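My numbering numbers the first residue of the sequence shown as 1115 and each following residue consecutively. Take a look at the structure set out below.
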Amino acid sequence: MPAEPASNTYDETKVAIIIPLYNDEANIARALESAVAQKPPEGIRFEILVVDDGSQDAGPEIAEDYARRFDNVTFLKMVQNGGPAAARNRALRETDAGWFTPFDSDDFMLPERVESLLEKAREGGFDIVADNLLISSTSAPETVTRHLWPEKPPGDVPLTAELFVNRSYAVEMERSELGFLKPLIRRGAAAAGSEPYKSDIRFGEDFELYARLLVGGARAVLTDPMGYVFVVRDGSASHRQGASDHRKLALMGRNFLKCEGLAPAERAAFAGYTRYCEKEWAAWTAIAAVRAKNPIGLLRAFMISVPASLHVAGNLLKAVGNKISGNGGPARHSA
């Protein structure tokens, strides 16, 4: 394994496109085709690093074939499954690229996207440039149905910690959270380092990184769509959520609230995010306990926080009311 580059040796004429791969033989070729089709400006090299995270299908063989055919594609393997954050860090240890952008294996990009992000970053002196994603579905991946943030004001919007966190929970439409963004990030940005992701986080790793960089003072902008197509599919990792996932997100929010120097608006945003995650944590804990007929588990749902306890109590009362009125079915839980 090559030595990790020191923070002052990153080469800002290189951009690393990082693709974790896990059991996605159906889509990895499309993702790689769109990655190798990216058009670097003169004097810039785009590197594509695919990291297999323990796949059991033919995806790794497809990625290896691209690595043989394209000199800017590198194929790597994890020793054992570690999750997207660990896989991305594995890739970044292998490159001295001064910029990187995460790219999911089931998505694809239009040919000039990365070049456009880099141009905006260099012209504006930004550490992070994110574009509003284009949303499609597995049934019609080429057909864009909406944008990630449907009501985003046109043009460039300063991406502050307050805005990012506030739009990462309880948004008006599912899959509209800014935590899904796939920005271009400067490696030398505050707190990025040689392994910018928290490798022990398997859910919400993007939110944690972006929030940490923004709190740390990174200059960031959110612009109009530049060509990242987010293909929404059933069963993706970000959609399989439960009590354990929301517990981790709530603890993440609590950790951010411990940060010194948060502006009042930032602190309020993290507090709202944490309350939301605590409510979801409690709600899913209660659901699992009721299904398992586990009274101790149900008691745990009331020990997370006062707002979460009130949330669970309200849902239980709704459920009882539905049964009494004959509506049946569990009450839906919300923030």
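Each residue gets a CB set at the ideal place from its N, CA and C atoms; glycine is no exception. Nothing here was measured: the structure is a model prediction, and the numbers come from that model.
Short of 6 Å from the beta carbon of Val-1187, and not among the five residues preceding or following it, lie these beta carbons of its own chain, in chain order: Ile-1162, Tyr-1180, Ala-1181. Between Ala-1332 and the set Asn-1280, Val-1343, Arg-1202, Val-1243, the nearest pair of CA atoms involves Val-1243. Counting only unbroken stretches of 4 or more residues, the alpha helix (DSSP H) elements lying wholly within the region 1251 to 1321 are 1275 to 1280, in sequence order.
In the structure shown, Lys-1432 adopts helical secondary structure according to DSSP, grouped into three states. Beta-carbon to beta-carbon, Asn-1246 and Pro-1339 are separated by about 5 Å, close enough to satisfy the 8 Å threshold.
Boundaries of the beta strand (DSSP E) around Arg-1159: 1159 to 1166. For Val-1345, the enclosing beta strand (DSSP E) begins and ends at 1342 to 1346.
Minimum Cα-Cα distance from Ala-1397 among the listed residues Glu-1229, Ser-1419, Arg-1347 corresponds to Ser-1419. Where Phe-1189 is concerned, the enclosing beta strand (DSSP E) starts and stops at 1187 to 1191.
Around Arg-1260, the same chain offers Ile-1249 as residues with beta carbons nearer than 6 Å, after the five sequence neighbours per side are excluded.
Residue burial is scored here from C-beta neighbours: Leu-1206 has at least 16 other C-beta atoms within 10 angstroms and is therefore classed as buried. Ala-1325 and Ala-1364 have their C-alpha atoms spaced approximately 14 Å apart. The alpha-carbon of Phe-1214 is positioned some 41 Å away from that of Ser-1423.
For Ile-1133, the enclosing beta strand (DSSP E) starts and ends at 1125 to 1135. For the pair of segments examined, the region 1277 to 1296 was found to touch the region 1313 to 1325: the number of CB pairs separated by less than 8 Å reaches three. Ranking Arg-1368, Gly-1386, Ser-1290 by CA distance to the CA of Val-1346 puts Ser-1290 first. Ala-1211 carries a strand assignment under DSSP once its states are collapsed to helix, strand and coil.
When the five nearest sequence neighbours on each side are left out, the beta carbons in the same chain lying within less than 6 Å of the beta carbon of Val-1164 are those of Ile-1133, Leu-1135, Ala-1177, Phe-1189, in order along the chain. For Asp-1245, the enclosing beta strand (DSSP E) has its first and last residue at 1242 to 1245. Cβ contact annotation for Asp-1138 (same chain, cutoff 7 Å, sequence separation greater than five): Gly-1173, Ser-1219, Asp-1220, in chain order. Beta-bridge partners of Pro-1216 (DSSP): Ile-1132. The way I'd put it, the region 1193 to 1208 does touch the region 1315 to 1322; three or more beta-carbon pairs between them come closer than 8 Å.
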